[in-house]
Amino acid sequence: MSQNLREGFEPAEEFLFDSWPGMDAGYYLAEGPRLVLQLRLDASRYDPETDTMWEMQLQQDATQYAALLLQWNTFGTTARPISIAVRTTLATGGPFLFGENEFEATRAFLRGITSYLEGRAQGAEVPPPSALELAWPVVAPTIPEQALLEMLVTLEVDETQESEDGESVEIRSRRTELPVAPLVYVHRQDTAPWQAFAASFALAFPPSNDSVLVPAIPGLPPAAPGEAGSGLWILRLGTGLPAALALSIAPTILPLALPPWSQELLSATVTVPRYESGKGLSGFEKPRQFSNIDLNVWVRGFFDSLDSVIDGGGDTDRLIALREDLAARIASRLIPVYPNANTSGVQAAVSAYEQRLKNKLSHCDDTVVGLLVTATGLPGGKLFLAAHYQDDAAADAPPQDVHFAPGDAEHPGFVTVFVKPVPDRAITPLIGALHISHVGISTADSYEESDLRWLRLLATEATEAALLYALPDADVPLPLRVLPTQVHLLSQHTSGVERVEQIEDALTWQYFYDYSAGAALQDTLHGLLDWNVPQGAAHSASTDAGDFFTALAAFHHCRMQIEADRVAGSSTDDPDANARVSVALAAYEQLATAVAAGWPTQHRSPKQAASSPTAFPFVVQESAEPDGILRIHMKQPEGSLAIEVFIDGYDPVPVGDATDTWNFINAEGRLSVEASRSLERRIGWNGLHALKHQNARATVRSRRNEILNGRVVDPSFTMQTNPQTFDHPAAPQLSTARRFDAFSWMEGSGPRALERLLGGLFRKIIPAGAGNQICTLQCSFASPLAQGGPEVTLPVLLVPRRAFREGADFEGDEAFVTELAAAIRTSMQGMGPDLSESGSFVFELSFFASTGAAVQPLVQFHDIRIARQLIR
203 MSQNLREGFE PAEEFLFDSW PGMDAGYYLA EGPRLVLQLR LDASRYDPET
253 DTMWEMQLQQ DATQYAALLL QWNTFGTTAR PISIAVRTTL ATGGPFLFGE
303 NEFEATRAFL RGITSYLEGR AQGAEVPPPS ALELAWPVVA PTIPEQALLE
353 MLVTLEVDET QESEDGESVE IRSRRTELPV APLVYVHRQD TAPWQAFAAS
403 FALAFPPSND SVLVPAIPGL PPAAPGEAGS GLWILRLGTG LPAALALSIA
453 PTILPLALPP WSQELLSATV TVPRYESGKG LSGFEKPRQF SNIDLNVWVR
503 GFFDSLDSVI DGGGDTDRLI ALREDLAARI ASRLIPVYPN ANTSGVQAAV
553 SAYEQRLKNK LSHCDDTVVG LLVTATGLPG GKLFLAAHYQ DDAAADAPPQ
603 DVHFAPGDAE HPGFVTVFVK PVPDRAITPL IGALHISHVG ISTADSYEES
653 DLRWLRLLAT EATEAALLYA LPDADVPLPL RVLPTQVHLL SQHTSGVERV
703 EQIEDALTWQ YFYDYSAGAA LQDTLHGLLD WNVPQGAAHS ASTDAGDFFT
753 ALAAFHHCRM QIEADRVAGS STDDPDANAR VSVALAAYEQ LATAVAAGWP
803 TQHRSPKQAA SSPTAFPFVV QESAEPDGIL RIHMKQPEGS LAIEVFIDGY
853 DPVPVGDATD TWNFINAEGR LSVEASRSLE RRIGWNGLHA LKHQNARATV
903 RSRRNEILNG RVVDPSFTMQ TNPQTFDHPA APQLSTARRF DAFSWMEGSG
953 PRALERLLGG LFRKIIPAGA GNQICTLQCS FASPLAQGGP EVTLPVLLVP
1003 RRAFREGADF EGDEAFVTEL AAAIRTSMQG MGPDLSESGS FVFELSFFAS
1053 TGAAVQPLVQ FHDIRIARQL IR
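Numbering of the sequence shown is given in the working numbering, commencing with residue 203 and proceeding in unit increments.
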């Protein structure tokens, strides 16, 4: 309350406790019903820990209360009668007057205060006096429906004045009126949302009234039109309805978001301008290469810079108009995450979002959430609410002011809140509450000042909102402006079959690569294994730069120099510095305008990975079971190679009957999601067949989840990182000591046509898909001269280095096989019977890799034999 420390008193101040130092006044409605006026001395004024001037204040207050006590003790003896009345709109009868009982209670209260202050002045520890409560009965049936309760303490003075004819006339004049705020006690509150703040007032009314009172004082929320009224009020809400006012925020939310500025990391060569201090944009530099640029980062940097320049003042009308234009264009791209969204809700959210962006473009990072709000219990009127939303997940974020009309069940209203993105997360729980601070009542569906009256709700504590409405539990998608977790490929491995027993074993190998999980639960890994990649194949392609990319590249290239000139010249009166500021601002406006002009009407989509007969796509998705156990699901097309996921120290266990979904277990039990975050994963393929000069290339993209809360998220909300690509030789060179038995690659027994034998041998050595080869072939005949003696080797045929065509040269009826068979038969004709029947034809086969002019040996097969007795 206001305090008056003057020694003398004006008549209007003598008996009004508003002028009494440290006096707090309030009222409440109690059982009976009764209107209770409460006076309480604020003893904290005399606490040395909170007020360094407490001793002087104590002395002044003691003097003033002693004078007040003297005046109240002599009340009624003055020549000018003074009356005090409590007026209210609660009842239509007369005011509640101060009678003798009220005056005596007030005198006793003042005596207690005087004794307390005197004791404190003498250094004694005495308790402050109890509160004074004055009560008057209330006639409940006279209360009109939807009444506004106003409480005023009025000072009136009776004066005698002489009229023109000389007669004395008594005149009662009102000197002043003091509005008193209502008191709300915690122990009188219920737990229902609205009744919790009106229970102490509702005690004054029988339940048959079916209404709820909400304590409120007049006041306008920051963004509402109109002016605050005078007086203090209680708003009576509802009539004739069992539940009075019921406020409902639907558990289903309406998340909206923007497509990302880019859905992949871009690379391009761009010619950017040169900025010279004091001269501006002049000339052009050489083209500059930009690699792996996330346009989301560039756009956010542009928004932050534009907001900073506008907030920094200066001639920014053009930039403000530019920001407003961008706000409208960006808001128009706001689309619902889920299909079949409420059209009215989308429009309301878009309008709120656009208004917000006009103030700060950098706020576009947030996901826009529309909450369905309905209210009942206000027949014939319109209810408006003002509140602020506090995102508990972002404690450092300032509260968001919101205004909304709840509407009814048929025409619901929407309140729009904004949820900040969380690094490396695709979804976040909606954690927060609406702190409702103001209520607006209107008989018309408008915000016109003549139709709408705002009332500010009273809080039970100074730091709390009058009405705290927790938002429903729900997950909000954050799929747009946060990159998925980068896939970190840690290592790669190849291995052949441990025991080589036939030629095919030497060409069979396994391929693995390790990666870190990070925040894999929020991401889906989309991969492609292409194991038939020529050496030197390009890993990634550059992107053609469009107008938007070019404008942003120019802006970011010159931004730091321009802003440095602006900052350096803003704090000086140097004419040259001021000139540089003007030049810098002009250059800034030119670059920013180019960015806005190039703003894309459509957003880029990720490039699809090229497929080939030897490319095997796969998808790895990690998720959490209800008890927090890690689950990994692997998706592959039909006919793909066998693929597995490994985690060191854990064995994969199929989930139920699934063959593509696993938990992981060790001696301590199943692996949880939290425990798995620091563990590396390994993906591996078995059964690959290739020669050493062929390369494996694993391409992996990270993409945000497409499924949220069992609902499919619009595919345009996927975001892909740049492919992670690496090559590795497939198979090691065979040992020269390895011998292969001829029967290891033949089926059946008995003589066969030589052409069939040769064709089968080469098809076994060079499996399908190996591609064309550069080979040398040497064929000789080996046979012992005598039983048990050493072998004699006779040359048969030498084929120098030449290119062989897969699936053609090595077929049984092709020219090469036919020529080789003819050479062998010619050799056989020149041998004696004993020698030819006991010997074998021996083949030495070498494969080479061609890298330009250089030819390097890769795989060599030695001592491959065909027994003479098998040939016919």
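Idealized CB from N, CA, C, for every residue including glycine.
None of these values were measured; they are calculated from a predicted model.
ask   = From Phe-616 to Gln-549, what distance separates their C-alpha atoms?
value = About 10 Å.
query = Helix, strand or coil for Ile-512 per DSSP?
reply = Residue state, collapsed to three classes: helix.
ask   = Between which two residues does the beta strand (DSSP E) carrying Glu-824 extend?
value = Glu-824 -> beta strand (DSSP E) spans 817-826.
query = When you compare only the Cα positions, how much space is there between Trp-711 and His-695?
reply = In a straight line, the C-alpha of Trp-711 is about 10 Å away from that of His-695.
ask   = In whole angstroms, what separates the C-alpha of Gly-962 from that of Phe-1063?
value = Whole-angstrom Cα-Cα distance: 15 Å.
ask   = Under 8 Å between the Cβ atoms of Ala-468 and Phe-750?
value = Looking at the sequence itself, residue 468 is Leu, so the reference to Ala does not match. Contact flag unset, no.
query = Using the C-alpha atoms, what's the distance from Ala-596 back to Arg-247?
reply = Across the structure, Arg-247 and Ala-596 are spaced so that their CA atoms are roughly 38 Å apart.
Whole-angstrom distance between Ser-553 and Gln-838, CA atom to CA atom = C-alpha separation (whole angstroms): 44 Å.
query = Exposed or buried, Phe-757, counting other C-beta atoms within 10 Å across all chains shown (16 or more means buried)?
reply = Phe-757 is buried by the Cβ-count criterion.
inquiry  = Tell me the rounded alpha-carbon separation between Ala-533 and Tyr-555.
reply    = Near 6 Å, if we compare the C-alpha coordinates of Tyr-555 and Ala-533.
inquiry  = Beta-carbon within less than 7 Å of Gly-485's beta-carbon, same chain only, minus the 5 sequence neighbours each way: which residues are those?
reply    = So the qualifying residues of the chain are Arg-476.
ask   = Does the segment 585-595 come close enough to the segment 529-546 to have 3 or more Cβ pairs within less than 8 Å?
value = No, the segment 585-595 is not in contact with the segment 529-546.
message = For Gly-871 and Leu-881, I'd like the C-alpha separation in whole angstroms.
response = Distance between the alpha carbons of Gly-871 and Leu-881: 16 Å.
task = Kindly list the residues whose CB is nearer than 7 Å to the CB of Ser-985, restricted to its own chain and excluding five residues on each side of it in sequence; keep chain order.
result = Residues of the same chain with a CB within less than 7 Å of the CB of Ser-985, apart from the 5 flanking positions on each side, are Glu-993, Val-994, Leu-1037, Ser-1040, Gly-1041 in chain order.
ask   = What is the DSSP secondary structure of Ile-764, reduced to helix, strand or coil?
value = The answer is helix: DSSP assigns Ile-764 an H, G or I state.
ask   = When you compare each of Ala-268, Asp-253, Ser-784, Tyr-715 to Ala-898 by their alpha carbons, which one comes out closest?
value = Comparing Cα positions, the closest option is Tyr-715.
query = Under the rule that 16 or more other beta-carbon atoms within 10 Å means buried, what is Gly-224, buried or exposed?
reply = Looking at its Cβ environment, which holds 16 or more other Cβ atoms inside 10 Å, Gly-224 is buried.
task = Go ahead and label Pro-608 buried or exposed: buried means 16 or more other beta carbons lie within 10 angstroms of its beta carbon, across all protein chains shown.
result = Buried: at least 16 other Cβ atoms inside 10 Å.
task = For Leu-497, I'd like the list of residues in its chain whose CB is within less than 6 Å of its CB, leaving aside the five on either flank, ordered along the chain.
result = Counting only Cβ-Cβ distances below 6 Å, and skipping sequence neighbours, we find Trp-463, Ser-464.
ask   = Is it the case that the Cβ atoms of Tyr-852 and Ile-867 are separated by a distance below 8 Å?
value = Taking 8 Å as the cut-off, the beta carbon of Tyr-852 is found closer than this to the beta carbon of Ile-867.
inquiry  = Here's the rule I'm using: 16 or more other beta-carbon atoms within 10 Å means buried, otherwise exposed. How should Val-328 be labelled?
reply    = The residue is exposed, with fewer than 16 neighbouring Cβ atoms inside 10 Å.
ask   = What are the partner residues of Pro-600, as DSSP defines its beta bridges?
value = Pro-600 pairs with nothing; no bridge assigned.
query = Given Ala-1023, which residues of its chain have a CB within under 8 Å of its CB, disregarding the five upstream and five downstream residues?
reply = Here the set comprises Leu-956, Glu-957, Leu-960.
key: Host beta strand (DSSP E) of Arg-476 (start-end)   = Per DSSP, Arg-476 is one residue of the beta strand (DSSP E) stretching across 475-478.
task = Counting only the same chain and skipping the five closest in sequence on each side, list residues whose C-beta sits under 8 Å from that of Leu-890.
result = Correct list, in chain order: Thr-710, Trp-711, Gln-712, Tyr-713, Trp-733, Leu-843, Ala-898, Ala-932.
query = Under three-state DSSP, which class holds Asn-542?
reply = Coil.
request  = Give every residue of the same chain whose Cβ lies closer than 7 Å to the Cβ of Trp-222, excluding the five residues on either side of it in the sequence, and list them in chain order.
outcome  = Answer for Trp-222: Leu-270, listed in chain order.
Straight-line Cα distance separating Ala-672 from Leu-508 = Each residue's Cα considered, the two are about 35 Å apart.
ask   = Starting from Pro-777 and walking both ways along the alpha helix (DSSP H), at which residues does that stretch end?
value = Taken as a continuous stretch (DSSP letters only), the alpha helix (DSSP H) holding Pro-777 covers 777-799.
key: Coarse secondary structure for Gly-368, derived from DSSP in three states   = Coil.
Option in Pro-631, Gly-514, Pro-614, Ala-611 with minimal Cα separation from Thr-569 = With distances taken between Cα atoms, Thr-569 lies closest to Pro-631.
query = Can you tell me whether Thr-254 is buried or exposed, with buried defined as 16 or more other CB within 10 angstroms of its CB?
reply = By the neighbour-count rule (16 or more Cβ atoms within 10 Å), Thr-254 is not buried but exposed.
query = DSSP state of Met-225, grouped into three classes?
reply = Looking at Met-225 - three-state DSSP - the assignment turns out to be strand.
key: Assigned secondary structure, Glu-882 (DSSP; H/G/I helix, E/B strand, else coil)   = If DSSP states are grouped into helix, strand and coil, Glu-882 belongs with the strands.
ask   = Under the rule that 16 or more other beta-carbon atoms within 10 Å means buried, what is His-605, buried or exposed?
value = That one is buried.
request  = State buried or exposed for His-637, treating a residue as buried only when at least 16 other CB atoms are found within 10 Å of its CB.
outcome  = His-637 is buried by the Cβ-count criterion.
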